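Below you'll find the structure, written out as structure tokens, and then a few comments.
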Amino acid sequence: MRDGLRGLTTRGRSFLAAAVAAAISAAILGEKDLLRVAILLAILPLLAAAYVGRSRYKLACNRSLEPHRVPVGASSRVVLRLQNLSRLPTGTLLLEDRLPYALGSRPRVVLERLGAHQASSVAYTVRADVRGRYEVGPLVIRLTDPFGLCELTRAFPSTDHLTVIPQVTPLPSVRLPGEYAGSGDSRARSVAVHGEDDAATREYRMGDDLRRVHWKSTARTGELMVRREEQPWESRATVVLDTRAAGHRGEGPTASFEWAVSTAASVAVHLRQAGYKLRLVTGNGADVDATEAGGEGVLLDHLAEVHLDKRGELTTLVQQVRQRADGGLIIALLGTLSTAEAELLAGLRTSGATCVGFLLDSNTWLNLPPKARAEAEHAHGAAALALLQSGWRVIGVEHGNRLPVLWPQAARGSQGFALRAALAETVAGGVR
Numbered sequence: 001m002r003d004g005l006r007g008l009t010t011r012g013r014s015f016l017a018a019a020v021a022a023a024i025s026a027a028i029l030g031e032k033d034l035l036r037v038a039i040l041l042a043i044l045p046l047l048a049a050a051y052v053g054r055s056r057y058k059l060a061c062n063r064s065l066e067p068h069r070v071p072v073g074a075s076s077r078v079v080l081r082l083q084n085l086s087r088l089p090t091g092t093l094l095l096e097d098r099l100p101y102a103l104g105s106r107p108r109v110v111l112e113r114l115g116a117h118q119a120s121s122v123a124y125t126v127r128a129d130v131r132g133r134y135e136v137g138p139l140v141i142r143l144t145d146p147f148g149l150c151e152l153t154r155a156f157p158s159t160d161h162l163t164v165i166p167q168v169t170p171l172p173s174v175r176l177p178g179e180y181a182g183s184g185d186s187r188a189r190s191v192a193v194h195g196e197d198d199a200a201t202r203e204y205r206m207g208d209d210l211r212r213v214h215w216k217s218t219a220r221t222g223e224l225m226v227r228r229e230e231q232p233w234e235s236r237a238t239v240v241l242d243t244r245a246a247g248h249r250g251e252g253p254t255a256s257f258e259w260a261v262s263t264a265a266s267v268a269v270h271l272r273q274a275g276y277k278l279r280l281v282t283g284n285g286a287d288v289d290a291t292e293a294g295g296e297g298v299l300l301d302h303l304a305e306v307h308l309d310k311r312g313e314l315t316t317l318v319q320q321v322r323q324r325a326d327g328g329l330i331i332a333l334l335g336t337l338s339t340a341e342a343e344l345l346a347g348l349r350t351s352g353a354t355c356v357g358f359l360l361d362s363n364t365w366l367n368l369p370p371k372a373r374a375e376a377e378h379a380h381g382a383a384a385l386a387l388l389q390s391g392w393r394v395i396g397v398e399h400g401n402r403l404p405v406l407w408p409q410a411a412r413g414s415q416g417f418a419l420r421a422a423l424a425e426t427v428a429g430g431v432r
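As numbered in UniProt numbering, residues 1 to 432 make up the sequence shown, in order.
Printed below as a string of structure tokens:
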């Protein structure tokens, strides 16, 4: 009741003031009828306060997000289900869900009336153009009586989270270098490399199927030999994301770093769907293994929150990648590099790893004067040449390039040689 009195609106307080004035006038003038009017004027807001205060603690709310994970620029539907748990009907309800600025303005929905034990659902949509993990809620409800004499506000403590992941672009299927550089014994690979006569064999053991006897090896060794059991071949890939603030330019959703994050998500999803055992390493210190069930969601959730590191160094990133020498394929999304930093990346060319680098010329995300542009292009060419000389396959990226167009270059073995020659001429020309 006390909370209800605090929630009296201007209209309700005016009723009480009129009741007091009528009561005083009735006492002075001796008019009993006027006193009855005063009592009526006082009872109405008091009943409204009691009515609203009673229903304040008899409401239940449930929120669901459909879906709870969306790519940048997509919409999610938020469904609010409100139930009246009391025996009394409610008055008009004003619902307001609190949202962060990135998801738009706060939605406001009006429910005219909820009967006893009645439930009703309302829905609205949210959309974000910036990736991240956003809190939706809490829900704030304003309860009023039918006459608008009392209004109370209740906030439900429960909140939900909407994860806005980077945009994932479908990529064309190409034969990547190093796709067989994993682990395991694959008969298909063994035959393709060595031929049928060199199939892996071992000595015959009691109980082995005679249909697996390899007669040519038996004749050569003089002992009964059988083919080894086939084991699934595991193609391994590591996606490396450079998060150094010094390596990227631009701001907001169109920055070079956002292009790199979206590319990392697209490449990771593509490789995982192709059957690779996938690992994601970022300059922020994250090392995500996406091979288990649900690994794709974990990977995308991490990329939704990855950010630039103002103190990031390439040395730390290289050491982190080398902590697990899985071999296989390494695809790195690299920001602007110096020649020394490019030479540092040569340390990843170990354990039979095949390295492919998407080297971003992040200065193309800026409007530079001609002289500064020429110096930036020269430095970019020198870094790319240093990577090529260390055995990397380099794909240059400029502002406006589309990933599906660049992706086939990762499979072209001669692409690096042509680029090396062109960059050598560029560097030589710059030196002259």
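All C-beta atoms in this analysis are idealised placements derived from N, C-alpha and C, irrespective of residue type, glycine included. Here the structure is a predicted model, which is why all the values come from computation and not from measurement.
Just checking my contact of residue i with residue j at CB under 8 Å: how many whole Å lie between their CB atoms?
i	j	result
Ala-102	Ala-128	5 Å
Val-126	Thr-159	Actually they do not touch by this definition, with Cβ atoms about 14 Å apart.
Ala-123	Arg-77	6 Å
residue 451	Leu-111	No information on residue 451 is available, as it lies outside the stretch 1 to 432 that the chain covers here.
Ala-245	Asp-287	Ala-245 to Asp-287, Cβ: 20 Å. No contact.
Arg-272	Glu-292	Rounded, the Cβ-Cβ distance is 11 Å, inconsistent with contact.
Val-79	Arg-131	Not confirmed; about 23 Å, so no contact.
List the DSSP bridge partners of residue i.
i	result
Met-225	Glu-203
Asn-62	Arg-81
Val-136	Asp-160
Arg-108	Glu-96
Glu-151	Thr-144
Gly-396	Leu-359
Which residues in the same chain as residue i place their Cβ atom closer than 8 Å to its Cβ, once the five residues preceding and following it in sequence are excluded?
i	result
Leu-224	Glu-203, Tyr-204, Val-213 and Thr-218
Leu-359	Leu-334, Leu-337, His-380, Ala-383, Ala-384, Leu-387, Val-394, Ile-395, Gly-396 and Val-397
Arg-133	His-161, Leu-162, Thr-163, Val-164, Asp-301, Ala-304 and Glu-305
Ala-410	Val-174, Leu-176, Pro-177, Ile-331, Val-356, Arg-393 and Ile-395
Ala-181	Note that Ala-181 scores a pLDDT of 48, beneath 50, so its modelled location is shaky; the value from the coordinates is reported in the next line. The answer, listed in chain order, is Ser-235, Arg-236, Gly-327, Gly-328, Leu-329, Gly-352, Ala-353 and Thr-354.
Val-321	Thr-238, Val-240, Val-281, Ile-330 and Leu-348
Gly-391	Ala-346, Arg-349 and Cys-355
What residues in its chain sit with their C-beta under 7 Å from that of residue i, if we drop five residues either side in the sequence?
i	result
Ala-268	Val-239, Leu-278, Leu-280, Ala-290 and Leu-299
Thr-201	His-214, Ser-217, Met-225, Val-226, Arg-227 and Arg-228
Trp-365	Arg-249, Gly-250, Ala-255, Ser-256 and His-399
Arg-87	Ala-116
Pro-157	Pro-138
Can residue i and residue j be called in contact, C-beta distance under 9 Å?
i	j	result
Leu-403	Thr-254	no
Ser-266	Gln-167	yes
Gly-250	Ser-362	yes
Ala-119	Arg-81	yes
Arg-98	Pro-138	yes
Ala-23	Ile-39	yes
Gly-285	Thr-315	no
His-270	Leu-406	no
Arg-154	Leu-59	yes
Tell me which same chain residues have a C-beta within less than 6 Å of the C-beta of residue i, skipping the five on either side of it?
i	result
Glu-343	Ala-386
Leu-44	Phe-15
Ala-19	Ala-38, Leu-41 and Ala-42
Gly-312	Thr-243, Arg-244 and Gly-283
Pro-100	Tyr-134
Asp-208	Val-226
For this session: Report yes or no: do three or more beta-carbon pairs, one from the region 124 to 144 and one from the region 90 to 97, lie closer than 8 Å?
Result: yes
Exercise. Does the count of Cβ pairs from the region 236 to 250 and the region 280 to 297 closer than 8 Å reach three?
Worked result: yes
For this session: Determine contact between the region 149 to 157 and the region 42 to 54, defined as no fewer than three beta-carbon pairs at a distance below 8 Å.
Result: yes
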